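J.: One structure, as structure tokens, below. Some questions next.
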Amino acid sequence: MLDNAEPDAVICLGCVIQGETRHFDFICDSVANGIMTLGLEYNTPVIFGVLTPNDMQQAVDRAGGKHGNKGVEAAVTALKMIALQYELETEE
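Position one of the sequence shown corresponds to residue 0 (numbering that gives the first Met the number 0), numbered consecutively onward.
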């Protein structure tokens, strides 16, 4: 996608719920590294909006429940990063 388009930002949303094996650790680490690499490689804000809860209730609470909406927080972060990148580019 980033090769063919020039988005102002990318928001990566997802959820990895802790299981009984160590797969959770490997998956979360790979997802975080992949998202970071995309942002660095394409000089585009790539926002980490991936929940890593211990159980389904924590996921629900963070996806619009009692702990707010992490998707909305990711969108706000994307807008702030777009504004910052624009500001930095216009100063050059």
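Quick reminder that beta carbons are idealized off the backbone N, C-alpha and C, glycines included.
What you are looking at is a predicted structure, and each value in this text was computed from that prediction instead of being measured.
Can you check DSSP and say which residues form a bridge with F47?
T.: For F47, which the question treats as bridged, DSSP gives the partners C11.
J.: Can you give me the start and stop residues for the alpha helix (DSSP H) that A58 sits inside?
T.: Unbroken alpha helix (DSSP H) run through A58: 55-61.
J.: According to DSSP, simplified to helix, strand and coil, what is N42?
T.: DSSP places N42 in coil when its eight states are reduced to three.
J.: DSSP three-state label for G18, please.
T.: Correct three-state label for G18: coil.
J.: CA-CA distance, H66 and P52?
T.: Using only the alpha carbons, I get a separation of about 12 Å.
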